[in-house]
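Numbering (my numbering), first residue to last: 36 to 238.
Ideal placement from N, C-alpha and C gives every residue a C-beta, glycine not left out.
These numbers were taken from a predicted model, which means no experiment stands behind them.
Below is one structure; the comments refer to it alone.
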């Protein structure tokens with residue numbers, strides 16, 4: 036529907052930009068849904084997670100979140116844990132780039148253990164890219180190239196929305212190191228959120 040509306044000359048530029056922001060915010064929520072689906076064991080749920088992430092061009096989140104963020108949260112090694120005193124703008128770029136680097140390395144290790152080449156069709160990031168290509172290609176083929184800046188804009192807004200959540204959730208949190216050099220177990224005190232039913236409905 037958004038693609039159809041972006042392709043129409045009846046809407047003003049302000050209308051199209053407003054639609055882009057609205058869809059982008061919805062995309063941020065879609066990433067949260069993909070996050071929940073990623074934690075489910077079924078193949079259908081995994082595919083739907085990849086599909087949701089491909090719409091906002093953030094397919095590497097599929098690989099990074101479970102194997103990176105969940106393991107390294109509230110440590111200097113986690114790009115998604117904001118440092119104390121770090122601005123959101125500095126954090127955004129560090130997190131976005133760091134997430135991709137970790138996801139690429141995680142896929143290289145995962146596929147290497149199976150004797151598969153890194154950037155083949157078995158790579159979860161590549162699968163997400165292909166889904167993005169199909170979705171974006173189909174919309175552009177139907178409604179025209181004028182959709183592209185709005186589609187890219189909504190993807191950027193969705194990712195910025197996600198990283199804003201990440202920024203707030205773990206800002207300034209650090210786990211202590213144990214005598215053996217390993218970090219203490221992650222607990223509720225390492226995230227700025229509340230473990231209540233109402234506050235947990237949207238994440």
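Between the options, which has its C-alpha nearest residue i's C-alpha?
{"i": "residue 226", "options": "130, 208 and 218", "result": "208"}
Just the C-alpha distance for residue i and residue j, rounded to the nearest angstrom, thanks.
{"i": "residue 191", "j": "residue 47", "result": "21 Å"}
{"i": "residue 238", "j": "residue 145", "result": "Note that residue 238 scores 46 on pLDDT, short of 50, meaning its location in the model is unreliable; the coordinates nonetheless yield the value given after this. Roughly 28 Å separates the two Cα atoms."}
{"i": "residue 154", "j": "residue 97", "result": "15 Å"}
{"i": "residue 179", "j": "residue 213", "result": "57 Å"}
{"i": "residue 71", "j": "residue 201", "result": "15 Å"}
{"i": "residue 210", "j": "residue 219", "result": "6 Å"}
{"i": "residue 134", "j": "residue 189", "result": "20 Å"}
Please classify residue i: does DSSP put it in a helix, a strand, or coil?
{"i": "residue 171", "result": "helix"}
{"i": "residue 212", "result": "strand"}
{"i": "residue 97", "result": "helix"}
{"i": "residue 185", "result": "helix"}
Quick one: what's got a C-beta closer than 7 Å to residue i's C-beta in the same chain, skipping five residues either side?
{"i": "residue 197", "result": "63 and 66"}
{"i": "residue 86", "result": "166"}
{"i": "residue 108", "result": "116, 205, 221 and 225"}
{"i": "residue 203", "result": "227"}
{"i": "residue 80", "result": "72"}
Tell me which residues share the same chain as residue i and place their Cβ nearer than 8 Å to its Cβ, disregarding the 5 neighbours each side in the sequence.
{"i": "residue 125", "result": "none"}
{"i": "residue 51", "result": "40, 41 and 185"}
Would a C-beta distance cut-off of 8 Å place residue i and residue j closer than the cut-off?
{"i": "residue 174", "j": "residue 182", "result": "yes"}
{"i": "residue 90", "j": "residue 170", "result": "yes"}
Going along the chain, which residues of its own chain have a beta-carbon closer than 6 Å to the beta-carbon of residue i, five neighbours each way excluded?
{"i": "residue 143", "result": "153"}
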